[in-house]
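Residue numbers for the sequence shown follow my numbering, so the first one is 24 and each next one is one higher.
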Amino acid sequence: MESPRIPIKAIVSLFCSYMLLWHITTLSPTLALEDCEFPAIFNFGDSNSDTGGFAASLSPPTPPYGETYFHMPVGRFSDGRLIIDFLAKNLGHPFLSAYLDSLGTNFSYGANFATAASTIRLPDQIFPAGGFSPFYLNIQYVQFMQLKSRSQLIRHRGGIFASLMPKEEYFSKALYTFDIGQNDLGEGFFGNLTVQEVNASVPDIISGFSANIKKIYDLGARSFWIHNTGPIGCLPYILANFPAQTDEAGCAKSYNEVAQHFNQKLKEATVQLRKDLPLAAITYVDVYSVKYSLFKEPQKYGFELPLVACCGYGGKYNYNSSSECGGTARVNGRQIFVGSCKDPSVKVNWDGIHYTEAAAKFISDKISTGAFSDPPLALKQACHKSLP
């Protein structure tokens, strides 16, 4: 008895269906994967994601910081919300409380260990003697370790503070976000190191970063969302202090090349971490490219004069380290308050170092899609491991 013959059209249709399925699951994972359920976020970083740690422990920002959204300073070095605020909102969570803030904090949805001026490596000079935070990444890891153990003691004890602590299972299910490294490069520049010397320090900086990722993994973390560093050569505090050859966007070319070198080594480190930490889902996020687009084509995205600080005083870039945002400047023999520009919503840079809320929202919207991620996973899918 002959086997039934399958029509050629059916074979072709089946093959096409298979190829489409292969394309969806292999080349476009964001189309096939289910959204993750992240019950909490634990963030590590510097002023780019500090929601109040520096303010609570060392020195709070003064008006006009916070004026756009909060209408008062709330520990953020911006006129409003930061990228981490928008990422938290994207996941359905409230703003992250700073771990160092002892007043009115709620850690039930996670915690923020970032503080302004933080580095990956122990800096040479810390506040008040120098310009960097004592809460470098190693210390942020220790703080996380403390929160993990002590929060569960508080939950078991019960009482009014129990509900303000994360549940035990949250630590393995949470999203762990990182945005740190810019100040390590800045410390080198302001320490009078050459561009070549700062480049030479990058492997050791990255080694310190990887070591902390592994330690946090050992405490149960599994989903990592890692930002690379932005185009430091486009920031007024670099442009005003280190005159250098500029590129087509007006940014200091050699300083951006250092940031790119750091980012390349960071990306290589994430590849190695995936091998070393087999249960981890590690997403590398190219924040540099998104930020740089704001300097290269500001008008395209509704911005203007991206190299000029909104809040500042003096010079081509409206930035002077002796007359910073919220401080005073001497003009024609009298002291004036250094306030903000008329419309921060069209500005990229807030105070010479940090981004405006408008820029932060733009960046968050772009990176949340996964279009700038390796693997190309959206924020809500960052618990999925990349394919081998």
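Just so you know, even glycine gets a beta-carbon here, dropped at the ideal spot from N, CA and C.
Inclusion of Asn113 and Ser396 in the CB contact set at 8 Å is not warranted, their separation being larger than that value. Separation of His407 and Gly211 (C-alpha to C-alpha, rounded to the nearest whole angstrom) is 36 Å. Check the Cα spacing between Lys276 and each of Lys190, Lys288, Asp374 and Phe318: the tightest is with Phe318. Looking at Pro321, Ser316 and Ala352, the one whose alpha-carbon comes closest to that of Tyr336 is Ala352.
For His284, the enclosing alpha helix (DSSP H) covers residues Lys276 to Asp299.
CA-CA distance, Ser156 to Ile229, rounds to 19 Å. Shown here for Ala79: same chain residues with a beta carbon closer than 8 Å to its own, the five before and five after excluded, namely Gly98, Ala121, Leu123, Asp124, Ser125 and Leu126 in chain order. Rounded to the nearest angstrom, the gap between the Cα atoms of Asn135 and Gly393 is 23 Å. Residue pairing by DSSP places Asn251 in no beta bridge whatsoever. For the pair of segments examined, the stretch 85–92 was found to touch the stretch 343–351: the number of CB pairs separated by less than 8 Å reaches three. Residue burial is scored here from C-beta neighbours: Met95 has fewer than 16 other C-beta atoms within 10 angstroms and is therefore classed as exposed. In the structure shown, the three-state DSSP call for Gly133 is strand. For His179, the number of other beta carbons within 10 angstroms of its own is below 16, and it is reported as exposed.
In the DSSP annotation of this structure, the continuous segment of the alpha helix (DSSP H) that includes Arg178 starts and ends at Leu160 to Arg180.
Where Ala332 is concerned, there is no enclosing beta strand (DSSP E), because DSSP gives it neither an H nor an E.
When DSSP states are grouped into helix, strand and coil, Asn215 belongs to the coil group. Taking C-alpha positions only, Asn279 is separated from His377 by approximately 16 Å.
Between Lys339 and Gly253, the gap from beta carbon to beta carbon reaches 8 Å or more. Contact annotation: Thr138 and Asp207 have beta-carbon atoms that are not nearer than 8 Å.
Counting only runs of at least 3 residues, the stretch 305–376 fully encloses the following beta strand (DSSP E) elements, listed from N- to C-terminal order: 351–354 and 357–360. By the neighbour-count criterion, in which a residue is buried when 16 or more other Cβ atoms sit within 10 angstroms of its Cβ, Thr217 is exposed.
Taking C-beta separations shorter than 7 Å and ignoring five residues to either side along the sequence, the partners of Leu262 in its chain run Ala275, Leu330 and Tyr340, following chain order. Phe158 is positioned such that its CB atom lies closer than 8 Å to that of Ser141. Looking only at Gly362, Cys333 and Val369, the smallest Cα-Cα distance to Lys323 is reached by Val369. The C-alpha of Pro146 lies about 13 Å from the C-alpha of Asp69. Inside the stretch 50–124, DSSP marks whole beta strand (DSSP E) runs of 3 or more residues at positions 64–68, from first to last along the chain.
Taking each of Gln287, Gly231, Ala244 and Leu198 in turn and checking the Cα distance to Phe61, the smallest one comes out for Leu198. Spanning the alpha carbons of Gly75 and Thr128 requires a straight line of approximately 10 Å.
DSSP, reduced to helix, strand and coil, places Ser387 within a helical segment of the structure shown. Secondary structure of Ile149 (DSSP, three-state): strand.
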